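As structure tokens, the structure follows; a few thoughts come after it.
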Amino acid sequence: MTARVITGSKEEIARQVASLQGEVREAIVFIEEPSGASTTDVPATVEELFKEMEPYMAHVGDVDYSRDAIYSRKPGE
Numbered sequence: 162m163t164a165r166v167i168t169g170s171k172e173e174i175a176r177q178v179a180s181l182q183g184e185v186r187e188a189i190v191f192i193e194e195p196s197g198a199s200t201t202d203v204p205a206t207v208e209e210l211f212k213e214m215e216p217y218m219a220h221v222g223d224v225d226y227s228r229d230a231i232y233s234r235k236p237g238e
């Protein structure tokens, strides 16, 4: 599986996605909301935001993904 970053207008992005070889199974889309748009869909806390993104995160074996483990040096680092 190959990951690609595609940028441009909606039409340009759609055209680029349509021309890709192979099957496209997922896409993450960043939408710039117009000024004054309602923000009721935004998670209330950072923890809720990360919980929402959990299905898209890569996890391997018995690695400690806690904040302390990520931001702390281990012996020999």
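The opening position of the sequence shown corresponds to residue 162 in the numbering used here, with each subsequent residue numbered one higher.
Where is the CB? At the ideal position from N, CA and C, for every residue including glycine.
Small disclaimer: the values here were computed from a predicted structure and weren't measured.
Nearest in C-alpha terms to Ile174, of all of Val190, Met162, Ala164 and Glu194, is Val190.
Between the C-alpha atoms of Gly197 and Tyr226 there is a straight-line separation of about 36 Å. For the pair Glu187 and Tyr217, the Cα-to-Cα distance works out to about 10 Å. A distance below 8 Å separates the beta carbons of Ile167 and Gln177. Each residue's CA atom was taken as its position, placing Phe211 and Gln182 some 32 Å apart.
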